[in-house]
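All remarks here apply to the structure that follows.
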Amino acid sequence: MAGPTVYSVSEVTRQLKELVEANFPLVAVVGEISNCTKAGSGHVYLTLKDENAQLRAVIWRGVASRLKFDIEDGLEVVAVGPIEVYQARGTYQMIVEQLIPQGTGALELAFRQLQEKLSNEGLFEPEHKQLLPRFPKRIALVTSPTSAAVRDMLQVITRRWQAADIIILPVAVQGAGAAEEIAAAINYVPNIPNVDVIITGRGGGSLEDLWAFNEEVVARAIFDCPIPVISAVGHEIDLSISDLVADRRALTPSEAGELVVPLQEEIINQLNYWQELLSKSLKQKAAQSRLLLDSLADRRVFARPLERIHDLTAHLDELGDRIKRTMHNKLERSNGQLSSVAASLDALSPLKVLERGYSISQLESGEVVRSAKQLQPGYEMTTLFREGKITSRVEAVDADYDGFQVPDKT
Numbered sequence: 181m182a183g184p185t186v187y188s189v190s191e192v193t194r195q196l197k198e199l200v201e202a203n204f205p206l207v208a209v210v211g212e213i214s215n216c217t218k219a220g221s222g223h224v225y226l227t228l229k230d231e232n233a234q235l236r237a238v239i240w241r242g243v244a245s246r247l248k249f250d251i252e253d254g255l256e257v258v259a260v261g262p263i264e265v266y267q268a269r270g271t272y273q274m275i276v277e278q279l280i281p282q283g284t285g286a287l288e289l290a291f292r293q294l295q296e297k298l299s300n301e302g303l304f305e306p307e308h309k310q311l312l313p314r315f316p317k318r319i320a321l322v323t324s325p326t327s328a329a330v331r332d333m334l335q336v337i338t339r340r341w342q343a344a345d346i347i348i349l350p351v352a353v354q355g356a357g358a359a360e361e362i363a364a365a366i367n368y369v370p371n372i373p374n375v376d377v378i379i380t381g382r383g384g385g386s387l388e389d390l391w392a393f394n395e396e397v398v399a400r401a402i403f404d405c406p407i408p409v410i411s412a413v414g415h416e417i418d419l420s421i422s423d424l425v426a427d428r429r430a431l432t433p434s435e436a437g438e439l440v441v442p443l444q445e446e447i448i449n450q451l452n453y454w455q456e457l458l459s460k461s462l463k464q465k466a467a468q469s470r471l472l473l474d475s476l477a478d479r480r481v482f483a484r485p486l487e488r489i490h491d492l493t494a495h496l497d498e499l500g501d502r503i504k505r506t507m508h509n510k511l512e513r514s515n516g517q518l519s520s521v522a523a524s525l526d527a528l529s530p531l532k533v534l535e536r537g538y539s540i541s542q543l544e545s546g547e548v549v550r551s552a553k554q555l556q557p558g559y560e561m562t563t564l565f566r567e568g569k570i571t572s573r574v575e576a577v578d579a580d581y582d583g584f585q586v587p588d589k590t
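Those letters in the sequence shown? Residues 181 to 590, per the numbering used here, in order.
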């Protein structure tokens with residue numbers, strides 16, 4: 181009996197590779213994603229499994245970058261692609277060329293995932309919403325310049341309010357690269373002088389047509405924009421990520437035109453109302469002031485304005501007379517006191533003593549001689565009389581003599 185044919189490992193693996201790849205050139209496999217790994221190269225490695233088996237799979241970078249939703253463990257999907265054998269390891273794996281979420285569409289799933297992600301980051305919170313200007317000076321429209329939506333917005337804005345300038349930043353609103361164009365235009369608007377509000381959006385369409393406004397790059401551009409942004413995407417039933425993150429959502433582009441500017445007729449009517457109200461208020465205030473003025477004019481102080489001045493003048497004259505009398509009396513009393521003091525001083529004056537026959541002697545130093553004890557023989561002194569003086573020299577001194585007698589005037 182002949183033995184089995186002996187093959188090399190490479191030969192067996194090659195035959196298995198040919199067999200597998202020939203029989204599974206394109207298959208669709210339903211399963212749950214597990215062990216999902218996103219490599220730095222952009223490739224995604226994962227395992228498809230059910231309750232009984234598992235199948236390794238890889239999504240090359242080019243395919244992975246085109247997926248609208250995030251790949252994560254636990255997601256039920258249908259993977260479409262060929263089965264290949266990796267000959268170097270003797271393993272087989274599925275090369276995923278298309279990945280379809282089970283139970284929901286890929287775009288709907290991507291919408292839910294991004295909505296949850298941005299909501300957790302707080303991009304939809306009311307405290308981040310900016311107020312729209314009441315009377316915008318310049319409006320920037322980030323949309324397709326040839327669309328019906330831009331015509332609707334221009335028509336509504338110019339009909340309602342002619343005082344605002346409008347700038348159109350032309351962008352693609354669907355297709356590849358549209359999201360990046362929209363985000364770039366929104367990021368550029370702050371460089372344009374005097375723009376104080378932005379409208380971005382487009383008319384209605386399918387979910388695929390509106391998808392550019394569900395991209396994360398557009399959502400973050402709207403959130404980071406320092407200028408208020410109105411999102412007007414599709415019709416009333418359409419809700420986009422841009423609508424959720426924008427400062428104000430318009431159900432349609434036409435409604436965006438109504439939201440961004442006031443109605444000129446309403447403003448004019450309001451101004452006319454306030455003008456009339458102000459006029460009535462001023463007239464009423466003037467009438468009240470006239471009544472008050474008339475009331476004040478009837479008062480005595482205004483009817484006879486000089487009366488008070490005359491009374492004060494008379495009182496001032498009376499005070500002046502009183503001051504004069506007081507000063508006169510004070511002066512007379514002071515003169516009397518002065519005369520009395522002068523008489524007392526005159527009585528004590530040395531000149532009065534000289535008039536009574538006495539004299540005053542002084543030494544050369546000017547010292548008044550009050551006692552003989554101040555003198556010595558040979559001293560010179562000056563003697564003052566009532567009339568004239570004499571100079572004498574002391575010949576003898578008797579300091580103990582006390583026989584002074586007042587001369588007899590007879």
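In this text, a Cβ means the ideal position worked out from N, Cα and C, and glycines have one as well.
Beta carbon of residue i nearer than 8 angstroms to that of residue j
i	j	result
ASP332	SER411	no
GLN282	VAL210	yes
GLU567	GLU544	no
GLY261	ILE275	yes
TYR225	VAL238	yes
GLU256	LYS229	no
VAL322	ALA365	yes
VAL353	SER324	yes
ARG241	HIS223	yes
ALA436	ILE362	no
GLU396	LEU294	yes
LEU312	ARG428	yes
Span separating the alpha-carbon of residue i from that of residue j
i	j	result
LEU457	VAL425	41 angstroms
ASP578	PHE565	23 angstroms
PRO205	GLU264	8 angstroms
LYS197	LEU235	16 angstroms
ALA477	LYS465	18 angstroms
ILE346	ALA320	6 angstroms
ILE489	ASP501	18 angstroms
VAL398	LYS297	14 angstroms
ASN300	ALA286	21 angstroms
THR493	ARG484	15 angstroms
ARG573	GLN556	10 angstroms
VAL548	GLN542	4 angstroms
GLN554	LYS510	49 angstroms
Reduced DSSP secondary structure (H/G/I, E/B, other) of residue i
i	result
GLY558	coil
GLU143	Residue 143 is absent from the model: the chain starts at 181 and stops at 590.
ARG428	strand
MET256	According to the sequence shown, residue 256 is Glu rather than Met. Correct three-state label for GLU256: strand.
TYR305	Residue 305 is actually Glu in this sequence, not Tyr. It is coil, neither helix nor strand.
THR493	helix
LYS248	coil
ALA320	strand
LEU387	coil
GLU487	helix
GLU361	helix
ALA576	coil
ARG236	strand
GLU277	coil
Burial state of residue i (16 or more Cβ within 10 Å)
i	result
PRO408	buried
PHE315	exposed
LEU462	exposed
GLY516	exposed
GLY270	exposed
ASP418	buried
PHE482	exposed
ARG246	exposed
THR590	For THR590, the predicted model reports a pLDDT of 47, less than 50, meaning its position is unreliable; a value from the coordinates is still stated below. Exposed.
ASP423	buried
Residue-chain proximity (residue i, chain B), Cβ-Cβ < 8 angstroms
i	result
ALA426	Within the model displayed, chain B is absent; a lone protein chain is all it includes.
| said: With three or more beta-carbon pairs closer than 8 angstroms as the criterion, would you say the segment 439-448 touches the segment 335-350? | reply: Contact holds: three or more Cβ-Cβ distances are below 8 angstroms.
| request: Spell out a yes or no on whether the segment 393-409 and the segment 305-324 are touching, meaning 3 or more CB-CB pairs, one atom from each, closer than 8 angstroms. | output: Under the Cβ criterion (8 angstroms, minimum of three pairs), the segment 393-409 counts as touching the segment 305-324.
| message | With three or more beta-carbon pairs closer than 8 angstroms as the criterion, would you say the segment 189-203 touches the segment 215-223? | response | Three or more beta-carbon pairs separated by less than 8 angstroms are not found between the segment 189-203 and the segment 215-223, which leaves the two stretches without contact.
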